Each structure stands twice: as C-alpha cells, then as structure tokens.
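Numbering (the numbering used here), first residue to last: 8 to 204.
The block underneath contains the structure these notes are about, expressed in structure tokens.
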Ligand code: GLN
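Okay, here's the thing in structure tokens:
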C-alpha cells in the first residue's frame, strides 16, 4: 500500500514513520511517500495532510495543482487523514479568506482557537474507536466551530470537537505524528483500506 504524505510544509518524516509503523504492526507492506508535486496523489491508496501553516499550505496546494488531485482522491472514497493545519485546509470554511479551503468536510473551523494561554499543550483524550486515551499534542490548534450532522465527532475538549470524521476523511486538531502512538494513523488510514465489509 502506498500512503502519500503531502509534504509542501510540515512534519513529513514523522507521518511517514507513523504510517509505516502502523503497517508493520499489521504485517502490511506500507510505503509512505512525500507528495511535493502533482502526479503522485493518483498513485496513492491513502493520504495524510500534515500540520504547518494553513495559509501557506493551501496556497502551495493550489499553485502546484495538487489540490484537485486531493479532491479527486476523496471523491473516489480513498482515506485522507488531515492533522491540525491539514484539518483547516480540508474544512469548508476557515473563517479566514487567506486560506483556500478544499471543502472536503462539512465543518467550519476556528484557527488558533485555544488562545495564547494554551498555545501549546498536551491532553489525554478519549477518542471514539480507541480503547485507551490518546496523548494529543496541540500546537496553535484549531477547533471545529460548526459541523453538519453527517460529521462524527470523535473527541472533544471543553465541548468542542478536536477529532472528526466524515466519510473517508478524518481530521484532528492535534499532532498524532509527534508521539510514538500511531493508533490514529491506523484508524484513519489502514482500517478503511483493510475493511472488507
Ligand atoms: N495555527 C496554524 C494555522 O492556523 C496551525 C498550526 C499547526 O498546524 N500546528 O494554520
């Protein structure tokens, strides 16, 4: 299986490692590849869209013609895991017109939603689908402000969704690639690819 890590900005190596380790644990041959230009996404079975700066990421995705490939990827029902700025980019509205969102999830997000006091923090989060809490690292993270009814909230902080799923797209406001815990890469990417039902 080939998992593309959209590496125009952000934690590419960490996502590649997480998804390959998740594959190892299942005895699957998973290859993580960095996506920096158009032409790679169509050969990927699943995609990760890492964090970084959503204004920059969205601009580069459009400029390099990767954006329409990501849209086609999810339209074909293939898994996409978007983290932090990635979640902002896949939303329908980031309440900031400098972000050209891809409109792949029926959510509106608030950028930098936790304010200065809680700029960065770690929380042990209960996540739907995981047996044990997940060590979630938040860095200038967004939250979901509004979501349509077809969006499933998988985890919340202070009542606000910070992990969501809609169809083949899973988004987290935090950075799972910065921990040794690859259960969310497994849940978002490999579960759907190996589900025969
Ligand atoms: N604050 C960033 C943004 O709004 C996201 C931060 C991150 O990805 N860690 O784009």
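Beta carbons: idealized from backbone N, C-alpha and C, even for Gly.
Model, not experiment: these values are computed from the prediction.
- Query: Between the C-alpha atoms of residue 114 and residue 102, what's the straight-line distance to the nearest angstrom?
  - Reply: One alpha carbon belongs to residue 114, the other to residue 102, and they sit about 11 Å apart.
- Query: According to the Cβ coordinates, are residue 63 and residue 184 closer than 8 Å?
  - Reply: Between residue 63 and residue 184, the C-beta spacing is not below 8 Å.
- Message: Under DSSP, the alpha helix (DSSP H) around residue 26 begins and ends at which residues?
- Response: Per DSSP, residue 26 is one residue of the alpha helix (DSSP H) stretching across 19-33.
- Taking the C-alpha atoms as reference points, what is the distance between residue 146 and residue 163? Going by the C-alpha atoms only, they are around 16 Å apart.
- Hey, quick one: how far does the beta strand (DSSP E) through residue 132 stretch, first residue to last? For residue 132, the enclosing beta strand (DSSP E) starts and ends at 127-132.
- Item | Spatial neighbours of residue 110 in its chain, beta-carbon cut-off 7 Å, leaving aside the 5 residues before and after | So the qualifying residues of the chain are 99.
- Query: Less than 8 Å separating the beta-carbons of residue 59 and residue 124?
  - Reply: Contact flag unset, no.
- Query: Which full runs of the beta strand (DSSP E) of 3+ residues lie inside the region 121-203, going along the chain?
  - Reply: Counting only runs of 3 or more, we get 127-132, 141-146, 150-154, 159-164, 167-173 and 176-179.
- Item | Opposing strand residues paired with residue 39 [DSSP bridges] | The partner list for residue 39 (beta bridge, DSSP) reads 10.
- Message: Which residues does DSSP list as the beta-bridge partners of residue 108?
- Response: Answer is none; residue 108 lacks a bridge partner.
- Message: Please tell me whether residue 196 and residue 88 are closer than 8 Å, where the distance is taken between their beta carbons.
- Response: Going by C-beta atoms, residue 196 is nearer than 8 Å to residue 88.
- Query: Leaving out five residues before and five after residue 152 in sequence, what residues of the same chain have Cβ atoms less than 7 Å from its Cβ?
  - Reply: In its chain, beyond the 5 residues on either side, 115, 116 and 117 have a beta carbon closer than 7 Å to the beta carbon of residue 152.
- Item | Buried/exposed call for residue 76, threshold 16 Cβ in 10 Å | With 16 or more other Cβ atoms within 10 Å, it is buried.
- Item | Check: residue 60 C-beta below 7 Å from any heavy atom of the ligand GLN | Yes, Cβ of residue 60 sits closer than 7 Å to a heavy atom of the ligand GLN.
- Whole angstroms is fine: what's the gap from residue 177's alpha carbon to residue 72's? When only Cα atoms are considered, residue 177 and residue 72 end up about 22 Å apart.
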